[in-house]
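The sequence shown begins at 1 in UniProt numbering and counts up one residue at a time.
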Amino acid sequence: MSPPLQSARCAETIVGHPPIEMWHAVTKPEHLHYWFGDAVEIDLRVGGAYIVRSTFGIRLDTTVERLVEGRRIVLRPTRRGDDARIEVDFVKLSGAETRVRVADPDSENEEPWRDALENLRSVWERGVDLREAGSAVMGIGPRDIAPAERPISGVPAGIGVCLGSVLPGEPAENAGLKPGDIVISLDGETVRNGQDLVRRIQRLRPGDVVRCDAVRNGAQVSVSVTVGSRSGRGQPPPLPARLLGALRDAVLEADEKLEQAVNGLSDEDAYRPERPGAWSVAQLLAHLSITERMLQSWLDEAARGERPGIDRDACTNPARIAGVLEGRPAVRELLKRIRRDEVETIALIAHIPADVVSFKPRWGRVAFTALDFHSHSEEHLGQIARIRHAIGA
């Protein structure tokens, strides 16, 4: 029998799945990332390591002291008192329900465990990751500044990220930010590149107000942005038929808007950049094609149970863009390429296996990844208009 817990604090939830499934949710690395965090090492035997980094702020540097498959696991922290234990119990209730109960002597972990178990229930029953539903957004498309674009009046060397797009009706636009603005700091902290800006936003919560300092045409602009939340992330993901219908409608609408945005643009003008070192419309269209193909890879990863390695930098890689534009394809050819890529994406989703759809944690990740990028081209319509204005086309 395990030694008694040191003044254990408890958190629990009831999930509509059998105990063995909840056991797997806690002990399998490929399931932990859906609701809790990343497994550094899990050796599921007495004396084995159980080391997990939770996104809820819980650090589990522990060894397995006792385990009964599908019923209980007792973990011994490596940096606490000799009698400290973390106990996780899985109790079968009526039907297929399970009570998951965690007892942890660390008082600082009490609230995080409650949040984590609430997310476990949400992910397994609804396919909704509350960490994503509660993440902050500004409604921007950041773009790193190429070395050839510098120096830029008013922007210190080595810092700043350009807003390639500012979505209509989203927090950034509501605060007064515009496409082409260069963000140099958030709440007084310097912003060095696009990844830095995204990380800063991810630390915020919907409703937070952040001061954003930017440079516009050489002059500094300061605005207060009330960040929002990711649209639709609080609702269960749509089933395949409904998702495919929504995607087809959204893609058709986005393609029509993109067609209008480049209407009348000559192939010669399409390759003229907004300014030296900046993108041309052709480069932007190449970026849209690359993003769609990367989306297919991310969807495949999600369907296989992996965390999608979403890397927006790969979608703006100059070598990849140059590869798409090899031979200087015409604007119409680039538009056809984008449409072909979109058709392939929808076909991929249509052929997702039934076992993926039935497993809500995995299907939720597939569906929400698709919804995040289904009308990406609309984020760049303002940028196309700005480029055309700059080159007089």
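All residues carry an ideal CB built from backbone N, CA and C; glycine is no exception.
Straight-line gap, residue 112 to residue 265 (C-alpha atoms, nearest Å): In this structure, the alpha-carbon of residue 112 lies about 54 angstroms from that of residue 265.
CB-CB length for residue 291 against residue 315, believed under 8 angstroms: Right, the Cβ-Cβ distance comes to about 4 angstroms (below 8 angstroms), so this counts as a contact.
If you draw a straight line from the alpha carbon of residue 128 to that of residue 116, how long is it in whole angstroms? Distance between the alpha carbons of residue 128 and residue 116 is about 13 angstroms.
Can you name the start and end residues of the beta strand (DSSP E) that residue 67 belongs to? According to the DSSP assignment, residue 67 belongs to the beta strand (DSSP E) that extends over 59-68.
From the DSSP output, read off the bridge partner residues of residue 87. For residue 87, the beta-bridge partners assigned by DSSP are 74, 103.
Let me know if residue 181 comes out buried or exposed under the rule of 16 or more other beta-carbons within 10 Å of its beta-carbon. Residue 181 sits buried, since 16 or more C-beta atoms from the chains shown fall within 10 Å of its C-beta.
Touching or not, the region 135-147 and the region 119-127, by the rule of three or more beta carbon pairs under 8 angstroms? No, they do not touch.
Please report how far the alpha carbon of residue 3 lies from the alpha carbon of residue 58, in whole angstroms. Bear in mind that a pLDDT of 42 at residue 3, under 50, signals an unreliable position, so the number given afterwards is only what the model happens to contain. Going from the Cα of residue 3 to the Cα of residue 58 covers about 22 angstroms.
Per-residue burial, residue 336 [other beta carbons within 10 Å of its own, 16 or more giving buried]: Exposed: under 16 other Cβ atoms inside 10 Å.
Give the C-beta separation of residue 254 and residue 377 to the nearest angstrom, bearing in mind that I take them to be a contact with Cβ-Cβ under 8 angstroms. For residue 254 against residue 377, the beta-carbon gap comes to about 5 angstroms, under 8 angstroms, which counts as contact.
Quick check: the Cα distance between residue 172 and residue 97, rounded to an integer number of angstroms? Answer to the nearest angstrom: the Cα atoms are 44 angstroms apart.
If you compare alpha carbons, which of 320, 33, 187, 323 is closest to residue 130? For residue 130, the nearest C-alpha among the options comes from 33.
Residue 144 beta carbon less than 7 angstroms from that of residue 194: Contact flag set, yes.
Less than 8 angstroms between the CB atoms is what I'm expecting for residue 43 and residue 53, so what's the real figure, rounded? In fact, because the Cβ distance is near 16 angstroms, the residues do not count as touching under 8 angstroms.
In whole angstroms, give me the CA-to-CA distance for residue 203 and residue 136. Distance between the alpha carbons of residue 203 and residue 136 is about 8 angstroms.
Local conformation of residue 39 per DSSP, three classes: In the structure shown, residue 39 falls within a strand segment according to DSSP collapsed to helix, strand and coil.
Please classify residue 265: does DSSP put it in a helix, a strand, or coil? Annotated three-state conformation of residue 265 is coil, per DSSP.
Looking at residue 49: is its Cβ nearer than 7 angstroms to the Cβ of residue 27? Residue 27 sits away from residue 49, with the two beta carbons spaced by 7 angstroms or more.
Check this for me: beta carbons of residue 283 and residue 338, under 7 angstroms apart or not? Not in contact: residue 283 and residue 338 (Cβ atoms no closer than 7 angstroms).
Looking only at its own chain, which residues have a Cβ that is under 6 angstroms from the Cβ of residue 1, when we skip the five neighbours before and after it? For residue 1, the pLDDT reaches just 36, beneath the cut-off of 50, and the residue's location in the model is therefore unreliable, leaving the point undetermined.
According to DSSP, is residue 196 helix, strand or coil? Of the three classes helix, strand and coil, the one that applies to residue 196 here is helix, per DSSP.
Contact check, residue 270 vs residue 331, beta carbons under 7 angstroms: Cβ atoms of residue 270 and residue 331: closer than 7 angstroms.
Can you find the residues in the same chain that come closer than 7 angstroms, C-beta to C-beta, to residue 159, ignoring five residues on each side of it along the sequence? Cβ within range, chain order: 184, 190, 191, 192.
Own chain residues within Cβ distance below 6 angstroms of residue 119, not counting five before or after: Counting only Cβ-Cβ distances below 6 angstroms, and skipping sequence neighbours, we find 35, 130.
Identified DSSP bridge partners for residue 141: Its beta-bridge partners are 165.
Would the beta-carbon of residue 88 fall within 7 angstroms of that of residue 68? Pairing residue 88 with residue 68 gives a Cβ-Cβ distance that is not under 7 angstroms.
Could you check whether residue 17 and residue 24 sit closer than 7 angstroms to each other, using their CB atoms as the reference points? Contact flag unset, no.
Give a yes or no on whether the C-beta atoms belonging to residue 211 and residue 224 are separated by under 7 angstroms. Residue 224 is positioned such that its CB atom lies closer than 7 angstroms to that of residue 211.
Go ahead and pull the three-state DSSP assignment for residue 34. Helix at residue 34.
Identify, in the order they occur along the chain, each residue of the same chain with its Cβ nearer than 6 angstroms to the Cβ of residue 358, setting aside the five sequence neighbours on each side. Cβ neighbours of residue 358 beyond the five flanking positions: none.
What number of angstroms, rounded off, separates the C-alpha of residue 242 from the C-alpha of residue 309? Put simply, the backbone Cα of residue 242 is about 26 angstroms away from that of residue 309.
Are residue 352 and residue 303 close, meaning C-beta to C-beta below 7 angstroms? Result yes, Cβ atoms of residue 352 and residue 303 sit closer than 7 angstroms.
Quick one: using the 10 Å Cβ neighbour count with 16 as the cut-off for buried, is residue 327 buried or exposed? With fewer than 16 Cβ atoms within 10 Å of its Cβ, residue 327 is classed as exposed.
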